[in-house]
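Residue numbers (our numbering): 142 to 677.
This is the structure we're talking about:
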């Protein structure tokens, strides 16, 4: 086991080194999602203001906040950007570590320190992995769980029974999907992997253990939030899939983001090629990454080289290692993983492309592809020029990569700070913008509710029960109304406000906000024709 111990240590060192470098280079997170809902929703839920507010974080106001609670509490406690970035980097560290260990399990005969370092560099520089390191997106949490589950599967062959193998996999995959629904695509991948991962007679045990583990983990990681949504909105996934649940609080729509979905069979097939050019086909900011195309090619090559389950380590390693029974067993184990890995990748990839097409959500596969690319080069050039070939492959992968810019700020302490001017008793704050400003709402006094009159979820010309609540509040509230808005005036917002008889009625007050330039403006009211209430 000395070689195994050395492999673990090297993987841990490489993962720690590259994650630390990426975290320092990127600085503290300031992305759109953080400014919109990752801070607002957990604090609003914990502090009891969520039921009184109406969609200040737009459509995303109801994303599961459970996994964001530690981050939100750190911000509330006034911690600086450095300790919070370290916390956010932990899933990145684990995802990279599990991936490097998986590489050594899939290709054990060629493992070396050099390969681990090169593979770690290729993996950390991916267009999804690098800009998401120490970020609040939570895609690294999904990647950590999924890579951990793959590693468990790879190391369980011929060592554990179907229940001992697939129950933990279900727990990890279910937790990922519970914390972030986009992880469901990889749960489907594991169902496919379980279908081909052993004798047919054990298939019910494998699927059953996977289902039990996934169900338990999803219930723990999603259940409390889903129950809250069910109690308050009649839809445990609110507002998503409301064409099934028909909550009166929103329209009967799935609310899927369809901007990046392929529109034809050609776009499904050429997605890896389209990722070679800088574009916005898979992301709001520009990105490009050859890892999907090269990773699929590497997977095909690995499957071909592993086509004979009787493969022996002697075929790849000359000298005394030929007689190493542990290495021969490891090679045979790797060969047995061909079909489960292929099933996981194929179903996970096409599910991602069919359901989302958003590149960030492909992070588990991007990480896996990075490792496969370096690993297959180490196999093809096992006899000579191994390091040179891996270094050339590293350059060819990294050079064309274009990282999307999600937004970062210099480290500061506290990480996020918002100070509102004193508000009169009975005030209500309104928002009318699609810009992400809900993080500031988390710093309002708890007795001051915040309601959106127009954003990517609310619309004065689309009647729902929530829209009716807003309209009734504007029409009947006796206290002052204020508009929280970006300093750069959103002119369409003025037109939306006019539908409610609202206009800015005085000088706007600056809000001290370390993330955005915003202001608080007093609102004047005039009689207006009812929009939704009249139809009730």
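We put the beta carbon where it would ideally sit given N, CA and C, even for glycine.
Residues bridged to residue i (per DSSP)
| i | result |
| --- | --- |
| residue 653 | 560 |
| residue 169 | 550 |
| residue 623 | 570, 663 |
| residue 428 | 420 |
| residue 195 | 592 |
| residue 643 | 666 |
| residue 543 | 429 |
Check whether residue i and residue j have beta carbons under 8 Å apart
| i | j | result |
| --- | --- | --- |
| residue 189 | residue 553 | no |
| residue 311 | residue 353 | yes |
| residue 488 | residue 387 | no |
| residue 607 | residue 185 | no |
| residue 426 | residue 547 | yes |
| residue 170 | residue 265 | no |
| residue 672 | residue 643 | no |
| residue 324 | residue 318 | yes |
| residue 208 | residue 286 | no |
| residue 226 | residue 275 | yes |
| residue 504 | residue 518 | no |
| residue 168 | residue 654 | no |
| residue 417 | residue 429 | yes |
| residue 377 | residue 605 | no |
| residue 574 | residue 635 | no |
| residue 657 | residue 176 | yes |
| residue 535 | residue 262 | yes |
| residue 678 | residue 502 | Only positions 142 to 677 of the chain appear in this structure, which leaves residue 678 out of reach. |
Chain-order list of residues whose beta-carbon lies under 7 Å from that of residue i (same chain, five-residue window excluded)
| i | result |
| --- | --- |
| residue 659 | 578, 581, 625, 626, 627, 628, 652 |
| residue 399 | none |
| residue 151 | 254, 257 |
| residue 355 | 311, 314, 315, 328 |
| residue 413 | 433, 434, 437 |
| residue 296 | 246 |
| residue 234 | 156, 157, 160 |
| residue 359 | 315, 318, 319 |
| residue 223 | 552 |
Same chain only: Cβ atoms within 8 Å of residue i, ignoring 5 sequence neighbours per side
| i | result |
| --- | --- |
| residue 516 | 244, 247, 248, 251, 256, 260, 439, 443 |
| residue 509 | 240, 243, 288, 291, 436, 486 |
Residue i versus residue j: straight-line alpha-carbon distance, rounded
| i | j | result |
| --- | --- | --- |
| residue 288 | residue 560 | 41 Å |
| residue 335 | residue 347 | 6 Å |
| residue 282 | residue 572 | 31 Å |
| residue 474 | residue 447 | 10 Å |
| residue 479 | residue 147 | 26 Å |
| residue 290 | residue 313 | 6 Å |
| residue 149 | residue 241 | 9 Å |
| residue 178 | residue 204 | 8 Å |
| residue 465 | residue 350 | 34 Å |
| residue 326 | residue 493 | 6 Å |
| residue 198 | residue 496 | 23 Å |
| residue 305 | residue 292 | 14 Å |
| residue 380 | residue 662 | 30 Å |
| residue 273 | residue 557 | 19 Å |
| residue 271 | residue 393 | 37 Å |
| residue 404 | residue 599 | 28 Å |
| residue 422 | residue 415 | 8 Å |
| residue 230 | residue 269 | 14 Å |
| residue 482 | residue 545 | 29 Å |
| residue 194 | residue 486 | 41 Å |
| residue 363 | residue 187 | 16 Å |
| residue 520 | residue 472 | 12 Å |
| residue 647 | residue 664 | 7 Å |
| residue 214 | residue 583 | 11 Å |
| residue 603 | residue 597 | 12 Å |
| residue 343 | residue 484 | 17 Å |
Counted within 10 angstroms of its Cβ, other Cβ atoms place residue i as buried (16 or more) or exposed
| i | result |
| --- | --- |
| residue 299 | exposed |
| residue 162 | exposed |
| residue 617 | exposed |
| residue 526 | exposed |
| residue 201 | buried |
| residue 345 | exposed |
| residue 165 | exposed |
| residue 529 | exposed |
| residue 512 | buried |
Neighbourhood of residue i by C-beta, 6 Å cutoff - its chain only, sequence neighbours within 5 removed
| i | result |
| --- | --- |
| residue 210 | 183 |
| residue 669 | 641, 642 |
| residue 565 | 621 |
| residue 173 | 577 |
| residue 419 | 427, 429, 543 |
| residue 499 | 401 |
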